[in-house]
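With this note's numbering, you'll find the sequence shown wraps up at 320, consecutive numbering, no jumps. C-beta atoms are modelled at their ideal positions from N, C-alpha and C, and glycine is treated no differently. This one's a predicted model, so the numbers in the text were calculated from it and none came from an experiment. In what follows, a structure is listed as structure tokens, so that the remarks can point back to it.
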Amino acid sequence: IVVDDGSIDNSREVILSYGTRIHPLFKINEGQASALNVGFCSCEGEIVIFLDADDRLRPDLARHLVEIFQKSPDTAKVQYRLAVIDAQGNPTGVTKPVGHLPLRSGNIQKYTFTAPFDLAWMPTSANAFSVKILRQIWPIPTHKYGTAGADWYLVHLTPLFGPVVFLDRIGGEYRIHEANNYESNLLNLKQIRQTICYMESTLACIKEVALRQNFVLPYPDILAVSYIANKLISFKLEPALHPVEGETLRQLWCDGLKATFRRFDVSIIMKVMFVGWFSVMVLAPRWLAWPIAEVFLIPAKRNRLNRLLGGLHAAS
5 IVVDDGSIDN SREVILSYGT RIHPLFKINE GQASALNVGF CSCEGEIVIF
55 LDADDRLRPD LARHLVEIFQ KSPDTAKVQY RLAVIDAQGN PTGVTKPVGH
105 LPLRSGNIQK YTFTAPFDLA WMPTSANAFS VKILRQIWPI PTHKYGTAGA
155 DWYLVHLTPL FGPVVFLDRI GGEYRIHEAN NYESNLLNLK QIRQTICYME
205 STLACIKEVA LRQNFVLPYP DILAVSYIAN KLISFKLEPA LHPVEGETLR
255 QLWCDGLKAT FRRFDVSIIM KVMFVGWFSV MVLAPRWLAW PIAEVFLIPA
305 KRNRLNRLLG GLHAAS
């Protein structure tokens, strides 16, 4: 199934050239969430992958996915690694997720209710979802996830309904080019503000599902170190444009500490490092806070430190 969300280039001609080998759907441009909603309505299988136009899948991936779902039919989703390629399709030698992050499988509902955004999660093309699970959260709310960001909804809500499998093999290629929304080695405050909005929307959806399904939340509020860190960076570096009203540096620092000590999957050393980062970020002058923010958000800025961080996560 190929959904064309109002392309203005020659995509329509290319799509039609495939004839009956694919099922084309042409619509006006309304954004990613709308395109996924339309495509999903035409799905008739039991497993679905939402493949971004930039990316590719390996030819043997479907076989491995079918084997996993047949062996564990209650699986909500399967994630797999992606090899990064450049705009011309050449491998860069980088894979997603970055090597120091642990790959979690099994029941990760506790992670979702405690620190949903701190767990390694994959972009849209690196997820295979159970259709029966998706039907429980469909449709994607387009008013919250319009132009992009629908993967936040899909990736973080599906683990509430079943176990997750992280397939430790490369299942496809993730293309990096100048138009990527979330791939840069530079700090982008506009992007950070958009990320905060997606996080806010996703947290609201998680709470709605929890209420509907009578799930018991471990805490009255859902936090995450990365969630508070993004808000602190936004407020510290460009307070006039910060997307959440009424917040203060003191409140964000307190929330950062609270989120840190709720993390049950990292060592005390990493918790101390998180506390140190939040404290330094609050106290630093703005010119110094910028590189401190980059060290937190951009793995390439940490170099060898990433190996140390990898050893500070608890075993799965």
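Among the options, whose alpha-carbon lies nearest the alpha-carbon of residue i?
i	options	result
residue 6	177, 133 and 44	44
residue 139	201, 46 and 116	46
residue 179	12, 291 and 61	61
residue 107	166, 221, 269 and 289	269
residue 257	242, 227 and 91	227
residue 201	286, 150, 12 and 282	150
residue 68	148, 157 and 170	170
residue 163	148, 23, 153 and 141	141
residue 110	76, 100, 92 and 295	76
residue 213	254, 54, 195 and 165	165
residue 148	38, 15, 294 and 283	38
Rounded C-beta distance between residue i and residue j? I'm assuming under 8 Å.
i	j	result
residue 102	residue 303	5 Å
residue 199	residue 234	6 Å
residue 197	residue 230	Wrong, their Cβ atoms sit about 15 Å apart, outside the cutoff.
residue 176	residue 64	Rounded, the Cβ-Cβ distance is 11 Å, inconsistent with contact.
residue 29	residue 8	7 Å
Quick check on residue i: buried or exposed, where buried means 16 or more other Cβ atoms within 10 Å of its Cβ?
i	result
residue 33	exposed
residue 96	exposed
residue 209	buried
residue 320	Interpretation of residue 320 is limited by its pLDDT of 46, a score under 50 that renders its predicted location unreliable; no figure is taken from the coordinates.
residue 273	exposed
residue 252	exposed
residue 119	buried
residue 131	buried
residue 49	exposed
residue 260	buried
residue 21	exposed
residue 3	Residue 3 falls outside the range modelled here, since the chain spans only 5 to 320, and no answer is possible.
residue 80	buried
residue 10	exposed
residue 134	buried
residue 3	An answer regarding residue 3 cannot be provided, because it is not within the stretch 5 to 320 covered by the chain.
residue 225	exposed
residue 137	buried
residue 161	buried
residue 155	buried
residue 223	exposed
residue 153	buried
residue 246	buried
residue 244	exposed
residue 91	exposed
Do residue i and residue j have their C-beta atoms closer together than 7 Å?
i	j	result
residue 168	residue 112	yes
residue 56	residue 128	yes
residue 115	residue 105	no
residue 174	residue 85	yes
residue 242	residue 193	yes
residue 117	residue 221	yes
residue 297	residue 190	no
residue 18	residue 31	no
residue 277	residue 236	no
Cβ of residue i versus every heavy atom of the ligand ADP: is any distance shorter than 6 Å?
i	result
residue 35	For the ligand ADP, the structure offers nothing, since it holds no ligand at all.
Complete runs of the alpha helix (DSSP H) confined to the region 113-184 [at least 4 residues]:
Those alpha helix (DSSP H) runs which fall completely within the region 113-184 and span 4+ residues are 113-118, 135-138 and 154-161.
Only counting runs of 4 or more residues, tell me where the alpha helix (DSSP H) segments fall wholly within the region 201-280, in order along the chain.
Runs of the alpha helix (DSSP H) inside the region 201-280: 229-241 and 253-266.
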